[in-house]
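In what follows, a single structure is set out as structure tokens and then discussed.
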Amino acid sequence: MLSLPSNTPPLSDHFAAESYLRLPSLIPPPLLEELTREVDRLEKLALRRDFAMASTDGSPRHMTTLGGHTIDRESTLIPCLYRDGELLAWLGRVAALPVAEVADPLERHVLNILHRPGDTHGAHTDDYPLALVLFIEAPADPADGGLLHRTPRTGGLDALHTTAGRVHHQRGDGYLLRADTTAHRVTALRRPGVRRTVLNFAYTTPDRQMARTPSAAQLYAP
Numbered sequence: 185m186l187s188l189p190s191n192t193p194p195l196s197d198h199f200a201a202e203s204y205l206r207l208p209s210l211i212p213p214p215l216l217e218e219l220t221r222e223v224d225r226l227e228k229l230a231l232r233r234d235f236a237m238a239s240t241d242g243s244p245r246h247m248t249t250l251g252g253h254t255i256d257r258e259s260t261l262i263p264c265l266y267r268d269g270e271l272l273a274w275l276g277r278v279a280a281l282p283v284a285e286v287a288d289p290l291e292r293h294v295l296n297i298l299h300r301p302g303d304t305h306g307a308h309t310d311d312y313p314l315a316l317v318l319f320i321e322a323p324a325d326p327a328d329g330g331l332l333h334r335t336p337r338t339g340g341l342d343a344l345h346t347t348a349g350r351v352h353h354q355r356g357d358g359y360l361l362r363a364d365t366t367a368h369r370v371t372a373l374r375r376p377g378v379r380r381t382v383l384n385f386a387y388t389t390p391d392r393q394m395a396r397t398p399s400a401a402q403l404y405a406p
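According to the numbering used here, the sequence shown is numbered sequentially starting from 185.
The following block contains the structure:
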């Protein structure tokens, strides 16, 4: 379903070193159009969130979200893509982990939408080891914000102030992140009319099915 790179050993080496793997044009155009229609429909069910998250040092959340429990109920396409056997096998090879689906439906596949000036997904690490992020919409110009800001191999969110790198992605791109040990955030949108819409697929290992924080419930529960 996705355009997964085939030569995985170099990708695995890069991911081990950087805890991040850029995946340009990951979503083939026909699938991107199908996902765009699906996300447009699901956005009508999404909820606005504006708060500071205590479990991540008070970092801000200004975004519109839809949790995996609703996506599981309302969509066939997205859960099917999340569970795709070829994708799961590829993730396992690249991450060198026994990749498993997240048992909790709330957090396994979520929709995150930044669509107002100042919208941001503030600094955090994830509950589960892997995040595969699919870009349905993205700012065309890096100056408009919505950049991934990341520091690998640290749980300290303060590291984002000193050692972080920033990455711009295009519509149809994706990336894989070692999300539990990489401090990361999304920089704020800087002008009206700009949108960043992503599907975030969380994956774990069989021995890590318990969330470490209450953050998912705060961000995605009804």
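Beta carbons: idealized from backbone N, C-alpha and C, even for Gly.
Can you tell me where the beta strand (DSSP E) with R292 in it begins and where it stops?
Segment P289 to R292 is the alpha helix (DSSP H) holding R292; no beta strand (DSSP E) there.
Go through the segment 361 to 398 residue by residue and report every complete run of the alpha helix (DSSP H) that reaches 4 residues or more, in order.
Runs of the alpha helix (DSSP H) inside the segment 361 to 398: none found.
Counting only the same chain and skipping the five closest in sequence on each side, list residues whose C-beta sits under 7 Å from that of P326.
Cβ within range, chain order: H352.
When the Cα of R225 is compared with those of R233, P213, T254 and P390, which residue comes out closest?
Of R233, P213, T254 and P390, the residue nearest in Cα terms is T254.
Please confirm whether A315 and Q354 have their CB atoms less than 7 Å apart.
For A315 and Q354, no; Cβs fall outside 7 Å.
In angstroms with no decimal places, state the Cα-to-Cα distance between H198 and L403.
Roughly 31 Å between the two C-alpha positions.
Using a Cβ-Cβ cut-off of 6 Å (strictly less than) and excluding sequence neighbours within five positions of G356, which residues of its own chain qualify?
Closer than 6 Å at the Cβ level, and outside the excluded window around G356, lie S209, I211 and L216.
At the level of alpha carbons, what is the spacing between R337 and R362?
One C-alpha to the other measures close to 9 Å.
Roughly how many angstroms separate the alpha carbons of P398 and R369, rounded to a whole number?
Distance between the alpha carbons of P398 and R369 is about 18 Å.
Three-state secondary structure (DSSP) at S187?
Looking at S187 - three-state DSSP - the assignment turns out to be coil, as it is neither helix nor strand.
Using 10 angstroms around the beta-carbon of R221, count the other beta-carbons present and answer buried if the total reaches 16, otherwise exposed.
Label assigned to R221: exposed.
How would you label P390, buried or exposed, when you count the other beta carbons within 10 angstroms and need 16 or more for buried?
It counts as exposed.
Skipping 5 residues on each side, what residues in its chain have a beta carbon closer than 7 Å to that of P301?
Only L373, R374, R375 and P376 meet the Cβ criterion.
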